[in-house]
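As given, the protein sequences belong to chains H and C, one line each in that order.
According to the numbering used here, the stretch in the first sequence is residues 385 to 697, in order.
According to the numbering used here, the stretch in the second sequence is residues 385 to 697, in order.
Virtual Cβ for every residue (Gly too), placed ideally from N, Cα, C.
Keep in mind that this is a model prediction, so the values were computed, not measured.
Protein chains: 2
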Amino acid sequence: MRTLIIGAAGMIGRKLAARLPKDDLILHDVVPFDGASVVSDLSAPGEAEKLIARRPELIFHLAAVVSGEAEADFDKGYRVNLDGTRELFEAIRKANYKPRVVFTSSIAVFGAPFPEAIGDEFLNAPLTSYGTQKAIGELLLSDYSRRGFFDGIGLRLPTICVRPGKPNKAASGFFSGIIREPLAGQEAVLPVPETVRHWFASPRAAIGFLLHAAKLDTEKLGARRNLSMPGVSATVGEQIEALRKVAGEKTAGLIRREPDATIMRIVEGWPRNFDTRRALALGFRADAAFEDIIRIHIEDEVQKSSAPQPGRG
Amino acid sequence: MRTLIIGAAGMIGRKLAARLPKDDLILHDVVPFDGASVVSDLSAPGEAEKLIARRPELIFHLAAVVSGEAEADFDKGYRVNLDGTRELFEAIRKANYKPRVVFTSSIAVFGAPFPEAIGDEFLNAPLTSYGTQKAIGELLLSDYSRRGFFDGIGLRLPTICVRPGKPNKAASGFFSGIIREPLAGQEAVLPVPETVRHWFASPRAAIGFLLHAAKLDTEKLGARRNLSMPGVSATVGEQIEALRKVAGEKTAGLIRREPDATIMRIVEGWPRNFDTRRALALGFRADAAFEDIIRIHIEDEVQKSSAPQPGRG
């Protein structure tokens, strides 16, 4: 099946591409990357049409300007995240075939105040431009699917943890940092209290969601094409306790508390817990516990990137 | 206060204009009409900027391609209802002042299945392109307000009843027709069973919502700028009973039952009842009962448009 990944240079895009047959795979991003088939700006006139010209039957639309950048650069966020998505959907409509479209949305479509757990019928009231753009993408996806222009499904991914790579300045960065850095023998800064609760999925679980969405019977979705994905709800304290169990006291001791009021204020507006019964009934599967999220990081990132590994104990 | 009404040629626009001081009122529509200040297509390049050039401090954005037309003409619906709204919001942002913007949304942002009464935290899952476009307008309104580009408030109007004028082909037309036509001594067709329940406001109540929104302290809204307006939930049977009470058995006898499976299927997807506690707490007031909706129609339309009237009995 001809498959197109838009946003293939990103962490999720690369991991997804590695799981798909290479023979008819089109990899797209706006930035050049190793293995790229097409490099272009999706929101520029005519580019979406070119991308769809080979009529891929399966399209993963993962591309987005991330939260912090969409907040800092209003025009760029709307151009890429809204116009780019709409250009893609329009190009598919005009090509007049009906591919499966898997769209990555985000829990940023939700904004406080929240119930104890966010259910499948809770309103989208985003508190960022990024969340607004994703919520609009969801609405377009549902309408284009309802009209029969394509067969879409939108997945609201939990915060991906442990995100591999270098620390970054995203407000959410510490959720991964407090696991990743200590496992690498480095100190990590924790800017919020241990009582802060958040919603997580491993990169491996996220790829599982995307692959499951690609082959799901969308008749079962009805008109509501967007789903909050299952995840693990954990407090920072529970994250640290899991790290202690998996990697020992010394590793967990590399976390330094350094409260940051600005980050705390941002994080307070974020979802803490979900009731994802629709996604679970449709067969989407989360990590079992935060300890597993740490073990997956060790297996997929720490062991693979190091010199010859000892077997797991 | 300089006030702009966009969509001023429509029924609500005309009634609203009649309630506002004439001296600094800009009336806009895409169709020429008596009293128009500007006639232009809001979605055409540069037109929104021209409309905002005089920097109206209060803007009512009522313009929309209606539900049936937006469903029949996909491109036109998105161009007018989404692009037109976005052009307006962008023009305001670029003019760099902070007017009050009152946007009319619709209960069409909701789609079945519904709870017994739709609360303030129920998801927007529209089942029409019109509802999708309104839901996107709501998201943009919230984000532009959050960013401080304007001070917006969106009102999800109930179905306006009794809509004055001629019968039309809208699927919802019968809700007004079964009151309006009998009161004019004419037969009306009822295409659905009397058990069908729906959500109503009189034109007078709708104008009241708009005027209240124009002067509301928006600090009280927080980040959630869109509100379902209060209304009267009534079954068709209750509508007919109210007509009987207000205008007598002979008038109510002018309703002819003629079931229409297509209309029934459309109406089944529509909201029946709401719990609008946020709007009520903010001082928005609905009609007290369906009988009052009929009396308002008689006072505002039947008596005003007829020859010299006897006083109300």
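Practice problem: Closer than 9 angstroms, Cβ to Cβ, to anything on chain H: give me those residues from the stretch 506-525 of chain C, in chain order. | Solution: Cβ contacts with chain H: 506, 507, 508, 509, 510, 511, 512, 513, 515, 516, 517, 519, 520, 523, 524.
Exercise. Let me know if residue 678(C) comes out buried or exposed under the rule of 16 or more other beta-carbons within 10 Å of its beta-carbon.
Key: buried
Quiz item: What are the uninterrupted segments assigned as alpha helix (DSSP H) that are 4 or more residues long and contained completely in the stretch 425-507 of chain H, given in chain order?
Solution: Counting whole runs of 4 or more residues, the stretch 425-507 of chain H contains the alpha helix (DSSP H) stretches 431-436, 451-456, 458-461, 469-479.
Quiz prompt | Partners in chain H for residue 527(C), counting only beta-carbon separations shorter than 7 angstroms | solution = 513, 516
Self-check item: Contacting residues, own chain, Cβ-Cβ under 6 angstroms from residue 696(C) (five flanking each side not counted)
Solution: Residue confidence for residue 696(C) is low, a pLDDT of 39 falling below 50, so the modelled location carries little weight; the figure read from the coordinates is stated next. So the list is empty, once near-sequence residues are dropped.
Quiz prompt | Sequence-distant residues of the same chain with beta carbon closer than 7 angstroms to residue 405(C), five excluded per side | solution = none
Quiz prompt | Contact with chain C by residue 607(H), beta-carbon distance below 7 angstroms | solution = yes
Quiz item: Are the beta-carbon atoms of residue 389(H) and residue 444(H) separated by less than 7 angstroms?
Solution: yes
Quiz item: Which residues of chain H have a Cβ atom closer than 8 angstroms to the Cβ of residue 658(C), listed in chain order?
Solution: None at all; the shortest Cβ gap to chain H is about 14 angstroms.
Quiz item: Hey, how far is the Cα of residue 471(H) from the Cα of residue 481(C)?
Solution: 30 angstroms
Exercise. State buried or exposed for residue 385(H), treating a residue as buried only when at least 16 other CB atoms are found within 10 Å of its CB.
Key: exposed
Quiz item: Helix, strand or coil: which one does DSSP assign to residue 616(C)?
Solution: Looking at residue 616(C) - three-state DSSP - the assignment turns out to be strand.
Exercise. Give me the Cα-Cα distance between residue 510(H) and residue 629(C), rounded to the nearest whole angstrom.
Key: 47 angstroms
Self-check item: Extent of the continuous alpha helix (DSSP H) to which residue 589(C) belongs
Solution: 587-599
Self-check item: Endpoints, beta strand (DSSP E) assigned at residue 511(H)
Solution: Looking at the DSSP string, residue 511(H) is not in any beta strand (DSSP E), and its letter there is neither H nor E.
Quiz prompt | Under 8 angstroms from the C-beta of residue 531(H): neighbouring residues of chain C | solution = 458, 513
Quiz prompt | Selection of the stretch 480-499 of chain H by Cβ proximity to chain C, strictly under 7 angstroms | solution = 495
Practice problem: Please check the pair residue 520(C) and residue 466(C), which I expect to be a contact at CB under 8 angstroms, by giving their CB distance rounded to whole angstroms. | Solution: 6 angstroms
Quiz item: Once you ignore the five residues that flank residue 590(H) on each side, which residues in its own chain have a CB closer than 7 angstroms to its CB?
Solution: 396, 541, 544
Practice problem: State the DSSP-derived secondary structure class of residue 417(H), mapped to helix, strand or coil. | Solution: coil
Practice problem: Check whether the stretch 432-452 of chain H touches the stretch 500-516 of chain H, taking contact to mean three or more Cβ pairs, one atom from each stretch, closer than 8 angstroms. | Solution: Contact check between the stretch 432-452 of chain H and the stretch 500-516 of chain H: three or more CB pairs, one atom from each, fall below 8 angstroms, which counts as touching.
Practice problem: Pull up the distance between the alpha-carbon of residue 477(H) and that of residue 524(H), whole angstroms please. | Solution: Cα to Cα, the separation comes out at about 12 angstroms.
Practice problem: Would you verify that the beta carbon of residue 681(H) is, or is not, closer than 7 angstroms to some beta carbon of chain C? | Solution: no
Self-check item: Inter-residue spacing [alpha-carbon to alpha-carbon] between residue 657(H) and residue 602(C)
Solution: 29 angstroms
Quiz item: Between residue 607(H) and residue 536(H), what straight-line distance do the alpha-carbon atoms span, to the nearest angstrom?
Solution: Here the alpha carbons of residue 536(H) and residue 607(H) stand approximately 10 angstroms from one another.
Exercise. Would you decide whether residue 579(C) is buried or exposed? Buried here means 16 or more other CB atoms lie within 10 Å of its CB.
Key: Taking every protein chain shown into account, the CB of residue 579(C) has fewer than 16 other CB atoms within 10 angstroms, so this residue is exposed.
Quiz item: So, using beta-carbon positions, are residue 546(C) and residue 412(C) closer together than 7 angstroms?
Solution: Contact flag unset, no.
Self-check item: the stretch 628-642 of chain H contacting the stretch 565-572 of chain H, beta-carbon criterion three pairs below 8 angstroms
Solution: By the criterion of at least three beta-carbon pairs nearer than 8 angstroms, the stretch 628-642 of chain H is in contact with the stretch 565-572 of chain H.
Quiz prompt | Expected contact under 8 angstroms - CB spacing of residue 665(C) and residue 615(C) to nearest Å | solution = Not quite, the Cβ-Cβ distance comes to about 16 angstroms (not below 8 angstroms), so this is no contact.
Quiz item: Can you give the Cα-Cα distance for residue 644(C) and residue 655(C), rounded to whole angstroms?
Solution: 19 angstroms
Quiz item: Any beta-carbon of chain H closer than 7 angstroms to the one on residue 692(C)?
Solution: For residue 692(C), the predicted model reports a pLDDT of 49, less than 50, meaning its position is unreliable and no value from the coordinates is stated.
Quiz prompt | Buried/exposed call for residue 555(C), threshold 16 Cβ in 10 Å | solution = By the neighbour-count rule (16 or more Cβ atoms within 10 Å), residue 555(C) is buried.
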